[in-house]
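Novice: Handing you a structure now.
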């Protein structure tokens, strides 16, 4: 007997290979007419626990292909080598849960089956991170001042192939591509890079192992300007085998939030930034783990590729491109800084190899430079490329340790040090190009703006891409003329456009407030956050963060519900900003031009499920003050309507908020103010879904009967007995 669960849909229609495609190669005879070979929806999904109970026997009818006799009929499964790969049709199975009120985001859908969100089982990814951390803690040691670590192996003895053949073929392919004049010049550059690493002890000569764990990494060069970098592919694998990355834990991701780090950078009067030179290559690998980092190169680049002209190298340091390398670097830096009192907090301001430290004076800048150099040198790590807006301190720093260019990128954003401005440059493209979905997405993604300072300029591109997404086109197929013209008009408004934003946003040692303005229309909802600092009678208001979202076309939401979503992302955004700024916030305000939504906050009337669920989350923020703002004074309106770079640059409302925000609170709009009543949170009805298993006694053992008629007769017999028993008890 098998326990079954009934659901509305198992999967989409699935296609099997037709008889005509295989009948020329397989001897099917009698069973040919009994096979189902068309599209069809699955009626039953058999779990692995019961899977093998259906099988009777199997017969090989072709290499890799079997005829399986089961209790429910004959099944052909496996692989037929003679069927052309061109006829292979990829099949995807999707499980989709539909809500009648809204289609949630991808991350929300994932939370439905994320074990952590259910609260009954530990998160396996967290378990893996804990295991990786334990492996690191046990293995890290310092040898002659330099840290030495092991790979974060999933298994003590990994099932890892050598990959020698793949590495050889990749080298052969690379050399074939470098046969022209420019290629030969690049070949010399690659060889010089490898020889330099050999001299520095980053790599060492190795030899083929016999019967031991050994693995070769394919590699290729990446050229950028006048620099060259060798990229090693630890994900390369042969069919049916694992790659090096498959055998390793990723390790815990200990990077700070990039947007938060840039926000803290904007709070610093004298920021000092530096770079850890070749950060990954400063950490040594234990001898036993070096055997899986081998790669092939030529003994003499002027001679052809032959076995007697091959040389094997292996890494002595942690190589970039291996899945756990970023985690090993972060854990090593954290481990090192914990040895120095007062420097533990610095780890939160290190993004991979970029270091940022906040200084309050020019004198402190130079002091921190000396201290940082000493602290990192204790771990054989060299800090270089120091940059700061403190000019006197910068003059004292030796030339070898500092950047001389006053226009540098800080965490991906251009910083004009002389003017102390951040520069956001809009991407451009030849308007005569053929535009595809891929090209559109590449250009949109190249506008790097983690704080959302120019998010209004991306509203129309996002809406356009939503239209493109709905079209069943290939990624590299040319856009329709209407969509192409729409994209060209957007690009025209981006030509030669850049926006400069003042970096420093606050006064030091004063009172701080956060103000978030929210708004929505039929397509977009947004939240814009300003940091207000007041020192004596001086007030400074600065745009610090914004986010907007496009409504999914599967969502049929009214404007009030869109305004409610705006209020929700506003509460989430302000909590994120407060956490990342790491300063004391005196008051937090949320401004909306939707009075009906503000009045929902303290209403005692039961609202529809969609509204009630979101109000429940918003009402938890009892320290927020919710206020009404007129639409024409709401900067978030700019973030929902969209803007060109030229329009946005001149929009004072966007950059500084409403004029009254820089004045005393008595001049602020006071039409409506809502404070969450804590007593309204005492009783909170939360709908839940339960699955109840009936463990009652089965009065009738159905497996005893051979057909339905006998089962029904037995059932009727028991019913009559129960009726008589009940009647007798009633009469008594």
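Numbering (the working numbering), first residue to last: 3 to 734.
Backbone N, C-alpha and C define an ideal beta-carbon position, used for all residues, glycine too.
None of the values given here were measured: they were computed from a predicted structure.
Could you name the residues of the same chain whose beta carbon sits closer than 6 Å to that of residue 224, not counting the 5 residues immediately before and after it, in chain order?
Specialist: Hits under 6 Å: 231, 233.
Novice: Please classify residue 71: does DSSP put it in a helix, a strand, or coil?
Specialist: If DSSP states are grouped into helix, strand and coil, residue 71 belongs with the strands.
Novice: Assign residue 515 to one of two classes, buried (16 or more other C-beta atoms within 10 Å of its C-beta) or exposed (fewer than that).
Specialist: Flag for residue 515 reads buried.
Novice: Between residue 293 and residue 215, how many whole angstroms is the CB-CB distance? I'm expecting something under 8 Å.
Specialist: That belief holds up - the Cβ atoms of residue 293 and residue 215 are roughly 6 Å apart, short of 8 Å.
Novice: Kindly list the residues whose CB is nearer than 7 Å to the CB of residue 71, restricted to its own chain and excluding five residues on each side of it in sequence; keep chain order.
Specialist: If we look at residue 71 and ignore the five residues flanking it on each side, its Cβ neighbours are 58, 59.
Novice: Beta carbon of residue 352, beta carbon of residue 335: below 9 Å?
Specialist: A contact, by the Cβ cut-off of 9 Å.
Novice: Looking only at its own chain, which residues have a Cβ that is under 6 Å from the Cβ of residue 327, when we skip the five neighbours before and after it?
Specialist: Closer than 6 Å at Cβ, skipping near neighbours: 282, 320.
Novice: Three-state secondary structure (DSSP) at residue 84?
Specialist: Confidence in residue 84 is poor, its pLDDT being 46 and thus under 50, which makes the residue's placement unreliable; the coordinate value appears in the next sentence. Coil.
Novice: Just the C-alpha distance for residue 447 and residue 227, rounded to the nearest angstrom, thanks.
Specialist: Each residue's alpha carbon lies about 21 Å from the other.
Novice: Within 8 Å, do at least three Cβ pairs link the segment 488–499 to the segment 456–470?
Specialist: At 8 Å Cβ cutoff, the stretches touch.
Novice: Determine the closest residue to residue 263 out of 348, 622, 188, 75, with distance taken between C-alpha atoms.
Specialist: Answer by Cα proximity: 348.
Novice: Take the Cβ of residue 94 as the centre, count every other Cβ of all protein chains shown within 10 Å, and call the residue buried at 16 or more, exposed below.
Specialist: Note on residue 94: pLDDT 34, under 50, position unreliable in the model; the coordinate value appears next. Counting Cβ neighbours within 10 Å, residue 94 comes out exposed, since fewer than 16 surround it.
Novice: What does a CB cutoff of less than 8 Å around residue 480 pick up in its chain, not counting 5 residues either side in sequence?
Specialist: Hits under 8 Å: 436, 437, 438, 486.
Novice: Work out the CA separation of residue 46 and residue 721 for me, nearest whole Å.
Specialist: Whole-angstrom Cα-Cα distance: 32 Å.
Novice: According to DSSP, what are the bridge partners of residue 151?
Specialist: According to DSSP, residue 151 bridges with 287.
Novice: I think residue 600 touches residue 628, with their Cβ atoms under 8 Å apart; what is that distance to the nearest whole Å?
Specialist: That belief holds up - the Cβ atoms of residue 600 and residue 628 are roughly 6 Å apart, short of 8 Å.
Novice: Going by the CB atoms, is the gap between residue 520 and residue 532 shorter than 9 Å?
Specialist: No, Cβ-Cβ distance for residue 532 and residue 520 is not below 9 Å.
Novice: Would residue 151 and residue 142 qualify as a contact pair, given that the criterion is a beta-carbon distance under 9 Å?
Specialist: Against a cut-off of 9 Å, the Cβ pair of residue 142 and residue 151 comes out as a contact.
Novice: Would you call the segment 371–382 in contact with the segment 406–421, where contact means no fewer than 3 C-beta pairs closer than 8 Å?
Specialist: With a cut-off of 8 Å, the segment 406–421 and the segment 371–382 do not count as touching, because too few Cβ pairs lie within range.
Novice: If residue 390 and residue 258 are in contact, beta carbons under 8 Å, what's the gap, nearest whole angstrom?
Specialist: Wrong, their Cβ atoms sit about 20 Å apart, outside the cutoff.
Novice: Within its chain, find whatever has a CB closer than 6 Å to the CB of residue 300; leave out the 5 residues flanking it on each side and keep chain order.
Specialist: Cβ neighbours of residue 300 beyond the five flanking positions: 311.
Novice: Give every residue of the same chain whose Cβ lies closer than 8 Å to the Cβ of residue 617, excluding the five residues on either side of it in the sequence, and list them in chain order.
Specialist: Excluding sequence neighbours, residue 617 sits near 566, 602, 603, 609.
Novice: Between the C-alpha atoms of residue 394 and residue 364, what's the straight-line distance to the nearest angstrom?
Specialist: Approximately 7 Å, taken between the alpha carbons.
Novice: Return the bridge partner residues of residue 628 from the DSSP annotation.
Specialist: Looking at the DSSP assignment, residue 628 forms a beta bridge with 592, 676.
Novice: Hey, how far is the Cα of residue 114 from the Cα of residue 505?
Specialist: In this predicted model, residue 114 has a pLDDT of only 28, less than 50, meaning its place in the structure is not dependable; the value taken from the coordinates is given anyway. Distance between the alpha carbons of residue 114 and residue 505: 41 Å.
Novice: Hey, how far is the Cα of residue 646 from the Cα of residue 499?
Specialist: The straight-line gap from Cα to Cα measures roughly 10 Å.
Novice: Going by C-alpha to C-alpha distance, which of 606, 421, 316, 278 sits closest to residue 210?
Specialist: Per the Cα distances, 316.
Novice: Just verifying my parser: in three-state terms, what is the DSSP assignment at residue 243?
Specialist: Note: residue 243 maps to coil in three-state DSSP.
Novice: If we require 3 or more residues per run, which beta strand (DSSP E) segments fall completely within the segment 423–475?
Specialist: Counting only runs of 3 or more, we get 423–427.
Novice: What is the DSSP secondary structure of residue 573, counted as helix, strand or coil?
Specialist: Note: residue 573 maps to helix in three-state DSSP.
Novice: If you draw a straight line from the alpha carbon of residue 577 to that of residue 510, how long is it in whole angstroms?
Specialist: Between residue 577 and residue 510, the C-alpha separation is close to 21 Å.
Novice: Since residue 338 is in the alpha helix (DSSP H), which residue starts that stretch and which ends it?
Specialist: Run containing residue 338: 327–339, per the alpha helix (DSSP H) assignment.
Novice: Hey, could you find the ends of the alpha helix (DSSP H) residue 378 is sitting in?
Specialist: Element bounds for residue 378: 364–379.
Novice: Indicate the three-state DSSP secondary structure (helix, strand or coil) for residue 355 in the structure shown.
Specialist: In the structure shown, residue 355 sits in coil (DSSP, three-state: anything other than H, G, I, E or B).
Novice: If you check the beta carbons only, do residue 568 and residue 527 fall under 9 Å apart?
Specialist: Contact flag set, yes.
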